[in-house]
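Participant:
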Amino acid sequence: MSIKSKFTMENLGMYAASAFYIIAGIILLTILPLADFPLHIGIIGILSLITAYGLIRKRFWTIWLVIILFFTATTFSAYTIFSSISSFGKNLIYDMSMIAYLILTWIFTAYIAIKRKTLES
Numbered sequence: 001m002s003i004k005s006k007f008t009m010e011n012l013g014m015y016a017a018s019a020f021y022i023i024a025g026i027i028l029l030t031i032l033p034l035a036d037f038p039l040h041i042g043i044i045g046i047l048s049l050i051t052a053y054g055l056i057r058k059r060f061w062t063i064w065l066v067i068i069l070f071f072t073a074t075t076f077s078a079y080t081i082f083s084s085i086s087s088f089g090k091n092l093i094y095d096m097s098m099i100a101y102l103i104l105t106w107i108f109t110a111y112i113a114i115k116r117k118t119l120e121s
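Numbering-wise, the sequence shown is residues 1 to 121 according to our numbering.
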């Protein structure tokens, strides 16, 4: 199978989603020692990497991990954004990155939910 045939429009969306989960997982695991090893950041990072693997390999169980990550990432991001509002502008880059993480999580969850038939085959 040639490399060009692997990169169809449908596969590009799944590869973009898996790239997002790989990058998010690596960033979360990198932040882990800097944030004094909170358990929830490690769990979200590991689940993100497992989800990326499932998306690349087109495993049927990946949709469940995406749903779990949707709720945990939304809760984590919303709580972090809400708690940093009190400092108002001191951590603007951090706040913007959490908003971007939240929005990208919603976008890729919706995309994977729409394209879930490709994971079931």
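Beta carbons are placed, not taken as given, at the ideal position from N, Cα and C, and that holds for glycine.
#1: Which of the three DSSP states, helix, strand or coil, is assigned to F71?
#2: If we ignore side chains and look at the alpha-carbon of each, how far apart do F76 and L92 end up?
#3: Specify the secondary structure class of K58 as computed by DSSP and reduced to three states.
#4: Looking at C-alpha atoms only, which residue of L119, A78, A113 is the closest neighbour of I103?
#5: For M14, is the classification buried or exposed, using 16 other Cβ atoms within 10 angstroms of its Cβ as the cut-off for buried?
#6: For E120, which residues from the same chain have a beta carbon less than 6 angstroms from its beta carbon, with the 5 sequence-adjacent residues on both sides left out?
#7: Find the nearest neighbour of L49 within the set F37, R116, T30, Y111, judged by alpha-carbon distance.
#8: Starting from S86, trace the alpha helix (DSSP H) in both directions and tell me its first and last residue.
#9: Could you pull the start and end residues of the alpha helix (DSSP H) that K117 belongs to?
#10: Under the assumption that L47 contacts L69 (Cβ atoms under 8 angstroms), give the Cβ distance between them as a whole number of angstroms.
Facilitator: Taking the definition as stated:
#1: helix
#2: 17 angstroms
#3: coil
#4: A78
#5: buried
#6: F60
#7: T30
#8: Note, S86: premise wrong, no alpha helix (DSSP H); not H, not E.
#9: 116-120
#10: 6 angstroms
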